[in-house]
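In my numbering, the protein residues as written are 7 to 376.
All C-beta atoms in this analysis are idealised placements derived from N, C-alpha and C, irrespective of residue type, glycine included.
I have placed the structure first, in the form of structure tokens, so that the comments after it can refer back to it.
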């Protein structure tokens, strides 16, 4: 009897003891995060997927984007070079040769704006001593003849009533002719060539140094219009040049759209030159002679997915992949087939079907999780 009463007391005490309470979904206060184990950190699963908690995603600054299949222009990648625009730029060169003499404003600096007709400097043509002596002697003789002709004209003018008019006119013509000869010879002694800008723009390159000697035909300045970008791309294919609608070139993290001007009709260095240009360009400058990639867009279009180049990485098998956000904390690798698009983006031809959330920033960091 005593044993039976003891058992009933234990059961009653257990029923009266407070039961533990559990919060429903969505009502926790974050206490679990404080006691999270190391097993909740980033890790690669046996399936190849990567588990990445939300705090880790924020630390890695991941960015995703939902992709869609859209018509994209077919692109051909070519090598190109920035060239001088013949309509808005030009060169300043010497036609005689000699040593450079700066103007009163000094030697023009790189990037300095210039206007059409502005004097950029002078070329002083050197003379041999014998040649200069001969010119001085010729000048002295012409001055002497001019003085005598003026004296004769003065005498004839006083005798205008008795001297035939045609004689006075002949003497006047002689005085005028000798004066012109004196001016020409004196101007040739120690003369210098003016170097003027033939267009508005900025100084893109300069070889001018005070006192430096230049040969006939040497280029001293190159003037360009900073708002015009002109590109010459090379076409090596033996078949006919396709019909381009436009082109793009990378400009930092952006691209610059170019208009297709046309193709050359003659082969040079076993290739044809294709010309693209953009006008009224602001805040972007490309130096003349810079080599870059040109992505020519054809008139024909194909269906595909455009994603940033940074989204594409290589896996351990050297396959091209992108990371797709499968679940809030689960990322899945997808093998894709890509081709160049515009230097900043690539075109995914297979591997994605659309509506996937692709990682466009931080793919390399996810790829390193083990």
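Cβ neighbours of residue i in the same chain (closer than 8 Å, five flanking residues each side left out)
{"i": "residue 375", "result": "48, 49, 50, 56, 58"}
{"i": "residue 104", "result": "129, 130, 131, 132, 198, 199, 219, 220"}
{"i": "residue 345", "result": "81, 352, 353, 355"}
{"i": "residue 359", "result": "75"}
{"i": "residue 166", "result": "174"}
{"i": "residue 347", "result": "78, 81, 301, 312, 353"}
Spatial distance of residue i from residue j (CA atoms)
{"i": "residue 158", "j": "residue 143", "result": "23 Å"}
{"i": "residue 218", "j": "residue 106", "result": "6 Å"}
{"i": "residue 124", "j": "residue 90", "result": "20 Å"}
{"i": "residue 147", "j": "residue 100", "result": "32 Å"}
{"i": "residue 93", "j": "residue 285", "result": "11 Å"}
{"i": "residue 66", "j": "residue 72", "result": "19 Å"}
{"i": "residue 1", "j": "residue 184", "result": "Since the first and last residues shown for the chain are 7 and 376, residue 1 lies out of range."}
{"i": "residue 301", "j": "residue 310", "result": "17 Å"}
{"i": "residue 365", "j": "residue 276", "result": "43 Å"}
{"i": "residue 61", "j": "residue 367", "result": "16 Å"}
{"i": "residue 170", "j": "residue 150", "result": "25 Å"}
{"i": "residue 222", "j": "residue 127", "result": "16 Å"}
{"i": "residue 257", "j": "residue 141", "result": "58 Å"}
{"i": "residue 87", "j": "residue 145", "result": "53 Å"}
{"i": "residue 297", "j": "residue 306", "result": "27 Å"}
Residues bridged to residue i [DSSP beta-bridge criterion]
{"i": "residue 123", "result": "Answer is none; residue 123 lacks a bridge partner."}
{"i": "residue 98", "result": "227"}
{"i": "residue 199", "result": "129"}
{"i": "residue 187", "result": "In the DSSP output, where bridge partners are listed per residue, residue 187 has none listed."}
{"i": "residue 70", "result": "365"}
{"i": "residue 313", "result": "352"}
{"i": "residue 106", "result": "129"}
{"i": "residue 282", "result": "237, 266"}
{"i": "residue 50", "result": "56"}
{"i": "residue 250", "result": "304"}
{"i": "residue 82", "result": "302"}
Nearest to residue i (by Cα), restricted to the options the options
{"i": "residue 180", "options": "104, 225, 169, 156", "result": "156"}
{"i": "residue 63", "options": "84, 112, 336, 98", "result": "336"}
{"i": "residue 282", "options": "240, 165, 213, 357", "result": "240"}
{"i": "residue 112", "options": "347, 215, 297, 307", "result": "215"}
{"i": "residue 231", "options": "288, 242, 53", "result": "288"}
Residues near residue i in its chain [Cβ-Cβ closer than 6 Å; skip 5 each side]
{"i": "residue 338", "result": "55, 330, 332"}
{"i": "residue 96", "result": "204, 205, 229"}
{"i": "residue 361", "result": "none"}
{"i": "residue 369", "result": "317, 319, 329"}
{"i": "residue 174", "result": "162"}
{"i": "residue 213", "result": "226"}
{"i": "residue 373", "result": "319"}
{"i": "residue 279", "result": "238, 270"}
{"i": "residue 363", "result": "70, 72, 331"}
{"i": "residue 371", "result": "66"}
Within-7 Å CB hit, residue i to chain B
{"i": "residue 218", "result": "Of the protein chains in this structure there is only one, and it is not chain B."}
Chain-order list of residues whose beta-carbon lies under 7 Å from that of residue i (same chain, five-residue window excluded)
{"i": "residue 40", "result": "In this prediction, residue 40 scores a pLDDT of 36, lower than 50, which makes its location untrustworthy; no coordinate-derived value is stated."}
{"i": "residue 46", "result": "59"}
{"i": "residue 68", "result": "365, 367, 368"}
{"i": "residue 340", "result": "327, 328, 330, 357, 358"}
{"i": "residue 36", "result": "Because residue 36 sits at a pLDDT of 42, beneath the cut-off of 50, its placement in the model cannot be relied upon, and the following sentence gives the value as read from the coordinates. Around residue 36: no qualifying Cβ."}
{"i": "residue 177", "result": "155, 158, 159, 162"}
(request) Could you say if the region 116 to 123 and the region 197 to 209 meet the contact criterion of at least three C-beta pairs nearer than 8 Å? (result) Contact holds: three or more Cβ-Cβ distances are below 8 Å.
(message) Quick test of the definition: if touching needs 3 or more C-beta pairs under 8 Å, does the region 69 to 84 touch the region 346 to 357?
(response) Under the three-pair Cβ rule at 8 Å, the region 69 to 84 counts as touching the region 346 to 357.
(request) Flag this pair as touching only if the region 263 to 273 and the region 240 to 254 have three or more C-beta atom pairs under 8 Å; answer yes or no. (result) The region 263 to 273 is in contact with the region 240 to 254.
(message) Whether or not the region 100 to 114 and the region 185 to 193 are in contact is what I'm after, with contact meaning three or more pairs of Cβ atoms, one per stretch, closer than 8 Å; do they touch?
(response) No contact exists between the region 185 to 193 and the region 100 to 114.
(message) So, does the region 292 to 302 touch the region 317 to 324, judging by three or more C-beta pairs under 8 Å?
(response) Segments in contact, no.
(message) Would you call the region 271 to 289 in contact with the region 313 to 320, where contact means no fewer than 3 C-beta pairs closer than 8 Å?
(response) Verdict: no, contact absent.
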